[in-house]
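Residues are numbered in my numbering as their position in the sequence shown, beginning at 1, plus a constant of 527.
Comments concern the structure below.
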Amino acid sequence: MQHKQGEDRNQMFMFSLESAIASDSFVRVVDVFVDAIDLNSFGFAHVECEEEGRPPYHPSALLKLYLYGYRYGIRTTRKLEREAQTNIEAMWLLSGLRPKYKTIADFRKNHSKA
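Structure representation (structure tokens):
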């Protein structure tokens, strides 16, 4: 009798992140909440792009990641970075963005009063 076989790890799959997230998932609440509030009134100013370098992350993306982390007890920036890279809910919440731990830490430091 043969054992059940898994999928080939090199096989490409096409699937929607949207379909992988439950309709009652907490990340959907975070997404709607952050998109609905006026971030400027809370001190989250949008950073203008400089002439050189990569464009900055929008404050709403990093705020969503922090709220996600607070809900699930993930406090360190390195763990939040890992969540953004490996957790499908965090990937959905950030629309595939993968901020590095230093970027996440700088966001917290620069917006500590908010």
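Yeah, the Cβ is synthetic: ideal placement off N, Cα and C, and Gly gets one too.
Quantities reported herein were computed from a predicted structural model and do not represent experimental measurements.
Discussion item. Comparing C-alpha positions only, which one of G533, M528, D565 and R625 sits nearest to P583?
Written reply: R625
Practice prompt. Check Y597 in the structure and name its three-state DSSP category.
Written response: helix
Worksheet item: Under three-state DSSP, which class holds I548?
Response: coil
Worksheet item: CA-CA distance, D535 and M528?
Response: 20 Å
Worksheet entry | Rounded straight-line distance, which links the Cα of G533 to that of Y595 | 31 Å
Discussion item. Check for me: the alpha helix (DSSP H) holding M618 runs from which residue to which?
Written reply: I615 to L620
Practice prompt. Can you give me the Cβ contacts of L592 inside the same chain, cut-off strictly under 8 Å, excluding the 5 residues immediately before and after it?
Written response: L607, E610, A611, A617, L620, L621, P626 and I631
Worksheet item: Under three-state DSSP, which class holds E608?
Response: helix
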